[in-house]
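Visitor: Next up is a structure, given as structure tokens.
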């Protein structure tokens, strides 16, 4: 196999709960694998929540930080793609498969570095090249990505079902699923045949219709209870979906 990636740094580190590192950037790409722990990381202007098996991809020059809510163990790999034969992986926070294949590959690289056998630096570059090819393939293969993401998308779906009355941001849902903002939107729509915010709106409208039928509440009270900002917003969304205003619907039944 031809070397297409060069390892700039590779190390494992443990950080205590409550510790943090402020916004900083690197002159190379970085992959941060969270072997254990929980907390948040902001990549550019998007905040993500990480957990065991999450991994962040950061491109050169991108500001990022990290705040640890629990003791956290990480593996950090800095790398360059000098010949540009392979596109840089997409930025964001992702989730390793349940069997942790990426985590195991990184452990193997750490063992290679520690052993320092003959030509270990070349072997590291070869293993890193193979790892990055698989990562880029997964990011650019929607069908494979959707198949692998089912468990984590189901987690986001269950969260919406429990919290749809509250303000919900796509960045928050993406972080829960371990995917970047755009990748999450694509995978969610592929799996559930509806964009995530449309699913949230559908849950709110169905609940509003149920309350109009069975609860002695004003339209404003129902709107606020279901997560709408005002009765006007509820009326507009309700009419768009059901062809009549909430008041007209209530009178019709």
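In full-length UniProt numbering, the protein residues as written are 1 to 253.
Built from N, CA and C at the ideal position, the CB exists for glycine as well.
All figures in this text were calculated on a predicted structure; none of them were measured in a lab.
#1: Helix or strand or just coil, what does DSSP make of residue 187?
#2: Consult DSSP for residue 12 and reduce its assignment to one of helix, strand or coil.
#3: To the nearest angstrom, how far is the alpha carbon of residue 114 from that of residue 56?
#4: In whole angstroms, give me the CA-to-CA distance for residue 79 and residue 242.
#5: What is the residue span of the beta strand (DSSP E) that residue 79 lies within?
#6: For the putative contact between residue 231 and residue 203, defined by C-beta atoms under 8 Å, what is the C-beta separation to the nearest angstrom?
#7: In whole angstroms, give me the CA-to-CA distance for residue 95 and residue 218.
#8: Would you check if there are 3 or more beta carbon pairs closer than 8 Å linking the region 63–83 to the region 15–22?
#9: Where does residue 43 fall in DSSP's three states?
#10: If you compare alpha carbons, which of 213, 235, 27 is closest to residue 252?
Guide: Judging by the given coordinates:
#1: In the structure shown, residue 187 sits in a helix (DSSP, three-state: H, G or I).
#2: In the structure shown, residue 12 sits in a strand (DSSP, three-state: E or B).
#3: 24 Å
#4: Pairing residue 79 with residue 242, the inter-Cα distance amounts to about 53 Å.
#5: 72–80
#6: Not really, about 18 Å apart at Cβ, beyond 8 Å.
#7: 43 Å
#8: yes
#9: strand
#10: 213
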